[in-house]
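Using full-length UniProt numbering, the letters of the sequence shown correspond one by one to residues 1 to 418. The beta carbon of each residue, even a glycine, is placed where N, CA and C say it ideally should be. Just so we're clear, the structure is a prediction, and the values are computed from it rather than from any experiment.
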Amino acid sequence: MDTQLADWIKDTPDGKAADAILRKCVHCGFCTATCPTYQILGDELDSPRGRIYLIKQVLEGKQVTRKTQQHLDRCLTCRNCETTCPSGVKYGQLIDIGRKIVDERVERPMAEKLTRQSLKMLMTNRSMFTAGMTMGKAVRGILPASIQKKVPAKRTTLPFANTAHTRKVILLKGCVQPAMMPSIDSATSVILDALGIQSMVIQESGCCGAVKFHLNDHAGGLAQMKTNIDAWHSLLQSGEAEALVMNASGCGVTVREYAHHFENDAEYAAKAKLVSEKTLDIGEFITQQNADGLARLGTKVKAAIEQQRIPGSIAFHPPCTLQHGQQIKGVIENVLTTLGFQLTPVADSHLCCGSAGTYSVLQPELSKELKKRKLANLMAGKPQAIASANIGCLGHLESDATVDVRHWVEWVAQAVYN
1 MDTQLADWIK DTPDGKAADA ILRKCVHCGF CTATCPTYQI LGDELDSPRG
51 RIYLIKQVLE GKQVTRKTQQ HLDRCLTCRN CETTCPSGVK YGQLIDIGRK
101 IVDERVERPM AEKLTRQSLK MLMTNRSMFT AGMTMGKAVR GILPASIQKK
151 VPAKRTTLPF ANTAHTRKVI LLKGCVQPAM MPSIDSATSV ILDALGIQSM
201 VIQESGCCGA VKFHLNDHAG GLAQMKTNID AWHSLLQSGE AEALVMNASG
251 CGVTVREYAH HFENDAEYAA KAKLVSEKTL DIGEFITQQN ADGLARLGTK
301 VKAAIEQQRI PGSIAFHPPC TLQHGQQIKG VIENVLTTLG FQLTPVADSH
351 LCCGSAGTYS VLQPELSKEL KKRKLANLMA GKPQAIASAN IGCLGHLESD
401 ATVDVRHWVE WVAQAVYN
């Protein structure tokens, strides 16, 4: 793609990055076939190719309108297009740049401003979010249906494993997961403990930075990223912790891109690179452990399935942040089948469920349609339960599912713990 970037952007870090990405696009349109919003709306400007053209026009100095902003807003940032693209266009990085510049030039309606500001403030403030979620769970039964769907039902939470082991890993402290579904972190610690590995949660760490960054508060997101890097770097560098293990794929893809976000920062570039390199999804990490440990897990899982303490037939939904953002495909599915679960077939498993971080709040109608399609495909194989690997997908699907929806580690941990 030929580009003629405007003087105000072309020699900046964002301009140089955007120009390199734009020049890789060959207009082929393969991305339109796997874009969820294009499949629903059928508008070229609601496809990756169309949005790339819009961003190109903005960077070349053309007029920026509210309509431009709306088309960029409708993107889920699922990055399915990156998986599909034969030219390696880094669309996720490009739309981050485009959205930031458009928001600087187009005034949002006051209602949108307030919603976005509320999301940034509430979701990334752990104490505030925890207080709100605790209250919501306490009165969930009397809440209006629309609000009740945003509050996960209470579930059994295993004790966090705190046995001391020589081998140690770090778990992300996070912002919303400990309040919404504390069972996920506890389950992760139980599995790792069974493998002879201690889980550490560093109190100084917090939100991965994704929420603020993707709501175009890049400065706020980068500040949160720096806080985490400072909290983890020395432990990873010294070898006291061998890895940063992620059980939320949305956070995982963000932390793995810390190296990209700080590549031009003299103080943080090397630190961010180390943190990114040491980050592994829990599924990846488990596959790297010795065969005896996995065999022991498998024995307990199969026994629990036979005793009907956990479901044996599962429909697995791989989050976009796992399969497209981190390019981790088939790893968790292989872990689950190796441990003894039967995975039912799921059509269009590459498509987004509609959660996409704050998308379900900011684009509710598109999000609902995507969830409807995803649940229909997940349930077509008549599974006993649905599993996923990201807090956003879990809460989104659970709100309308007719079977139990859990993070896959919860069922494995239940088998191991009992």
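Review point. Under the rule that 16 or more other beta-carbon atoms within 10 Å means buried, what is residue 110, buried or exposed?
Key: For the purposes of this step, residue 110 is taken as residue 110 along the sequence shown, with counting starting at 1. Under this definition residue 110 is an exposed residue.
Practice item. In the DSSP assignment, find the beta strand (DSSP E) that holds residue 406 and state where it starts and stops. Key: Looking up residue 406 in the sequence shown gives position 406. Looking at the DSSP string, the run of the beta strand (DSSP E) that includes residue 406 is 404-407.
**Study point:** Length of the line joining the Cα atoms of residue 186 and residue 97
**Key:** On the sequence shown, position 186 is the one that residue 186 refers to. On the sequence shown, position 97 is the one that residue 97 refers to. Roughly 37 angstroms separates the two Cα atoms.
**Study point:** Closest Cα partner of residue 200 within the set 171, 388, 26
**Key:** Your numbering for residue 200 matches position 200 in the sequence shown. Among 171, 388, 26, the Cα nearest to that of residue 200 belongs to 171.
Exercise for review: Quick one: grab the DSSP three-state call for residue 279.
Suggested key: Here residue 279 is taken as the residue at index 279 of the sequence shown, counted from 1. Three-state DSSP puts residue 279 in a strand.
Exercise for review: With DSSP as the reference, please indicate the residues paired to residue 110 in a beta bridge.
Suggested key: Mapped onto the sequence shown, residue 110 falls at position 110. Per DSSP, none; premise fails for residue 110.
**Study point:** First through last residue of the beta strand (DSSP E) which encompasses residue 167
**Key:** Here residue 167 refers to the residue found at position 167 when the sequence shown is read from its first residue. From DSSP, the beta strand (DSSP E) with residue 167 extends over 167-171.
Point to revise | Reference residue 255; option with closest CA among 265, 241, 271 | key: In the sequence shown, counting from the first residue as 1, residue 255 sits at position 255. Considering only alpha carbons, the answer is 271.
**Study point:** Backbone CA spacing between residue 184 and residue 247 [nearest angstrom]
**Key:** Start at 1 with the first residue of the sequence shown, and residue 184 comes out as number 184. Start at 1 with the first residue of the sequence shown, and residue 247 comes out as number 247. About 8 angstroms.
Exercise for review: Report, in whole angstroms, the separation of the C-beta atoms of residue 346 and residue 378, which I expect to be a contact under 8 angstroms.
Suggested key: For the purposes of this step, residue 346 is taken as residue 346 along the sequence shown, with counting starting at 1. For the purposes of this step, residue 378 is taken as residue 378 along the sequence shown, with counting starting at 1. Right, the Cβ-Cβ distance comes to about 6 angstroms (below 8 angstroms), so this counts as a contact.
**Study point:** Close beta carbons around residue 164, own chain, < 8 angstroms, minus the five adjacent residues each side
**Key:** As a first step, residue 164 must be located in the sequence shown, where it is residue number 164. Here the set comprises 198.
Practice item. Alpha carbon to alpha carbon, how far is residue 417 from residue 13? Give it in angstroms, no decimals. Key: Numbered from 1 along the sequence shown, position 13 holds the residue referred to as residue 13. Numbered from 1 along the sequence shown, position 417 holds the residue referred to as residue 417. Answer to the nearest angstrom: the Cα atoms are 50 angstroms apart.
Practice item. Kindly indicate the opening and closing residues of the beta strand (DSSP E) around residue 244. Key: Your numbering for residue 244 matches position 244 in the sequence shown. Residues 244-246.
Practice item. Going by DSSP, name the residue or residues bridged to residue 231. Key: For the purposes of this step, residue 231 is taken as the residue at position 231 of the sequence shown. Paired residues: none, contrary to the question.
Review point. Going by DSSP, what residues sit across from residue 121 in a beta bridge?
Key: Walking along the sequence shown from the start, residue 121 turns up at place 121. In the DSSP secondary-structure assignment, residue 121 is not bridged to any residue.
Check your understanding: Where DSSP assigns a beta bridge to residue 420, which residues make up the other side?
Key -> With the chain covering only 1 through 418, there is no way to say anything about residue 420.
Check your understanding: Along the chain, where does the alpha helix (DSSP H) that runs through residue 310 open and close?
Key -> Stepping through the sequence shown from its first residue, residue 310 is reached at position 310. Taken as a continuous stretch (DSSP letters only), residue 310 belongs to no alpha helix (DSSP H), as it is neither H nor E.
Check your understanding: Excluding the five sequence neighbours on either side, which residues of its own chain have a C-beta within less than 7 angstroms of the C-beta of residue 289, listed in chain order?
Key -> To locate residue 289, count along the sequence shown from 1; it is residue 289. Shown here for residue 289: same chain residues with a beta carbon closer than 7 angstroms to its own, the five before and five after excluded, namely 195 in chain order.
Practice item. With residue 146 as the anchor, note down where its alpha helix (DSSP H) starts and where it stops. Key: If you number the sequence shown from 1, residue 146 lands on position 146. Its alpha helix (DSSP H) spans residues 145-148.
Point to revise | Among 372, 18, 115, the one whose alpha carbon lies nearest that of residue 94 | key: Start at 1 with the first residue of the sequence shown, and residue 94 comes out as number 94. Ranked by Cα distance from residue 94, the options 372, 18, 115 are led by 18.
Review point. Roughly how many angstroms lie between the CA atoms of residue 49 and residue 125, to the nearest whole one?
Key: As a position in the sequence shown, residue 49 is number 49, starting the count at 1. As a position in the sequence shown, residue 125 is number 125, starting the count at 1. Spanning the two alpha carbons is a distance of roughly 36 angstroms.
Practice item. Give the range of the alpha helix (DSSP H) segment to which residue 249 is assigned. Key: If you number the sequence shown from 1, residue 249 lands on position 249. Segment 249-256, the alpha helix (DSSP H) holding residue 249.
**Study point:** Whole-angstrom distance between residue 20 and residue 60, CA atom to CA atom
**Key:** Taking the sequence shown and counting its residues from 1, one reaches residue 60 at position 60. Taking the sequence shown and counting its residues from 1, one reaches residue 20 at position 20. About 14 angstroms.
Exercise for review: Given a cut-off of 8 angstroms, decide if residue 319 and residue 264 are closer than it, judged by their beta-carbon atoms.
Suggested key: Your numbering for residue 264 matches position 264 in the sequence shown. Your numbering for residue 319 matches position 319 in the sequence shown. Contact: no.
Review point. Among residues of its own chain, excluding the 5 on either side of residue 26, which ones have a beta-carbon nearer than 6 angstroms to its beta-carbon?
Key: Counted from its first residue, the sequence shown places residue 26 at position 26. So the list reads 87, once near-sequence residues are dropped.
Check your understanding: Considering only the beta carbon of each residue, do residue 191 and residue 405 sit closer than 8 angstroms?
Key -> Locating residue 191 in the sequence shown gives position 191, counting from the first residue. Locating residue 405 in the sequence shown gives position 405, counting from the first residue. In terms of Cβ geometry, residue 191 and residue 405 do not form a close pair [threshold 8 angstroms].
Check your understanding: From residue 43 to residue 76, what does the alpha carbon distance come to, in whole angstroms?
Key -> The residue given as residue 43 occupies position 43 in the sequence shown. The residue given as residue 76 occupies position 76 in the sequence shown. Spanning the alpha carbons of residue 43 and residue 76 requires a straight line of approximately 15 angstroms.
Exercise for review: Measure the CB-CB distance between residue 294 and residue 245 and report whether it falls below 8 angstroms.
Suggested key: Taking the sequence shown and counting its residues from 1, the one referred to as residue 294 is at position 294. Taking the sequence shown and counting its residues from 1, the one referred to as residue 245 is at position 245. One thing to note: residue 294 has its Cβ no nearer than 8 angstroms to the Cβ of residue 245.
Practice item. Run the CB neighbour count on residue 139, radius 10 Å, all protein chains shown included, and call it buried at 16 or more, exposed below. Key: Along the sequence shown, one-based indexing puts residue 139 at 139. The residue in question, residue 139, is exposed, as its Cβ has fewer than 16 Cβ neighbours within 10 Å.
Check your understanding: What is the rounded straight-line gap between the Cα of residue 350 and the Cα of residue 358?
Key -> Here residue 350 corresponds to residue number 350 of the sequence shown, with the count starting at 1. Here residue 358 corresponds to residue number 358 of the sequence shown, with the count starting at 1. Their Cα atoms are separated by approximately 20 angstroms.
Check your understanding: Since residue 324 contacts residue 104 with CB under 8 angstroms, what's their CB separation in whole angstroms?
Key -> Within the sequence shown, residue 324 is the residue found at index 324, counting from 1. Within the sequence shown, residue 104 is the residue found at index 104, counting from 1. Between residue 324 and residue 104 the beta-carbon gap is near 27 angstroms, outside 8 angstroms, which marks them as no contact.
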